[in-house]
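Numbering (my numbering), first residue to last: 498 to 921.
Yeah, the Cβ is synthetic: ideal placement off N, Cα and C, and Gly gets one too.
Below is one structure, written out as structure tokens, with a few remarks after it.
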């Protein structure tokens, strides 16, 4: 709740416990303009989605019960539910670019009613995706509700997304800025638009920018902009310009003229990538602040210290995807000097963005993207070790289960199997 509202619940609760009253305490996020007794006002939608890891346990049934089975979570913020929801889906880093298609066994084979009932009645990590898939096949809202008991309001919201997907698939990318902005305001990523329109992501990004459609950033201030907030706790959204002759909507980012560094966080916790990377990100922010740099944190994990609004100078609560990170870099480059981006402290998540940042000529501090790839690509690393004449254990590189078994027989047991491009 603290991350969703910006209200420091634990800090206030501790002071109440030692005798303070709410009206005696200042709200830090508004710089003391409001007391803690001022109830937070929210003019945005927050979506939190758990991250599951059933794929790591082949013997486990992906069935949700009253026992906790998630290993982490992602949070997203937007002006509407569809925007917030689709941002949260791509924040999970499970390969989703939005409300992607999934398979419902038996659907379209003559017994749709039972197929939908079987697929939606059992709680599962992908149940919302299956609801959307049922809507794509024309299954009625009442039948879906009877199967899963999800509130009809949410089914209607998913229907709006599905309807826009169908229109886009039929007619291609929009021609006007207003139509493009409408799609983006529903949370469609460039990658998802590319999938639906049958083109590549770069084409969508170029068309969008050519139309003058870019996100604006709003602040989490606990007061719906009633009072000025000095705290830079931000999220992106798409909205129409306030004036018809203006190309830009109101943006509250207000980047500074300082020398600044962006730190990319680790995203949702998962098996192999946990809170240890957040520790690195936080201490990087503290050290850079001591050195006189403005620190900018980008993350989407509400369970972390890095997403506390006072850990860094500026916090962007955004998905760690190429599109979202590049838009943040562009707004920060508009004023001051962006010295670079740190990708090495957030685990594998930010490392995957290094090439895209380099392609856009955004400086990467520390190890270069090519050196990162050299360390992660087993072929390249093995060639380097051989060229340098260094000793190494007997090893081999496998690209299939059969190759792995063959190499293991050659080397002899015990063996260690290690995937490429996986840090944790």
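Counterpart residues of residue i in DSSP-defined beta bridges
i	result
residue 730	812
residue 572	545
residue 767	770
residue 715	732
residue 720	538
residue 532	523
residue 837	758
residue 791	757
Local conformation of residue i per DSSP, three classes
i	result
residue 915	coil
residue 796	strand
residue 907	helix
residue 515	coil
residue 606	coil
residue 677	helix
residue 781	helix
residue 567	coil
residue 613	helix
residue 806	coil
residue 819	helix
residue 710	coil
residue 598	coil
residue 578	helix
residue 584	helix
residue 562	coil
residue 920	coil
residue 502	helix
residue 554	coil
residue 898	helix
residue 593	coil
residue 620	coil
residue 671	coil
residue 507	helix
residue 847	helix
residue 786	helix
residue 666	helix
residue 826	helix
residue 747	coil
8 Å contact criterion, which residue i and residue j should meet: CB distance rounded
i	j	result
residue 627	residue 652	About 12 Å separates the two Cβ atoms, so there is no contact after all.
residue 721	residue 539	7 Å
residue 821	residue 726	Not a contact, Cβ separation roughly 22 Å.
residue 683	residue 579	4 Å
residue 799	residue 500	4 Å
residue 806	residue 730	4 Å
residue 544	residue 585	4 Å
residue 843	residue 774	5 Å
residue 891	residue 908	5 Å
residue 825	residue 840	Wrong, their Cβ atoms sit about 13 Å apart, outside the cutoff.
residue 719	residue 504	6 Å
residue 606	residue 632	Wrong, their Cβ atoms sit about 18 Å apart, outside the cutoff.
residue 478	residue 596	Since the first and last residues shown for the chain are 498 and 921, residue 478 lies out of range.
residue 836	residue 754	Between residue 754 and residue 836 the Cβ distance is about 13 Å, and since that is not below 8 Å, they are no contact.
8 Å Cβ cutoff, residue i in contact with chain B
i	result
residue 889	Absent from the structure is chain B; it holds one protein chain and no more.
The stretch 524–538 contacting the stretch 563–579, beta-carbon criterion three pairs below 8 Å: no
Cβ contact check for the stretch 682–693 and the stretch 711–721: 3 or more pairs under 8 Å: no
3 or more residues per run - each beta strand (DSSP E) lying fully within the stretch 852–895: none
Residue ranges of each alpha helix (DSSP H) within the stretch 623–652, 4 or longer: 624–633 and 638–645
The stretch 868–878 touching the stretch 778–795, judged by at least three CB pairs closer than 8 Å: no
Cβ pair count under 8 Å reaching 3, the stretch 772–782 against the stretch 812–830: no
Inside the stretch 677–704 only - alpha helix (DSSP H) runs reaching at least 4 residues: 687–694
Contact the stretch 578–590 vs the stretch 551–562: 3+ CB pairs below 8 Å: no
Contact between the stretch 845–857 and the stretch 748–763 (3+ Cβ pairs under 8 Å): yes
At least three beta-carbon pairs within less than 8 Å, the stretch 746–755 to the stretch 693–709: no
At least three beta-carbon pairs within less than 8 Å, the stretch 641–649 to the stretch 660–670: no
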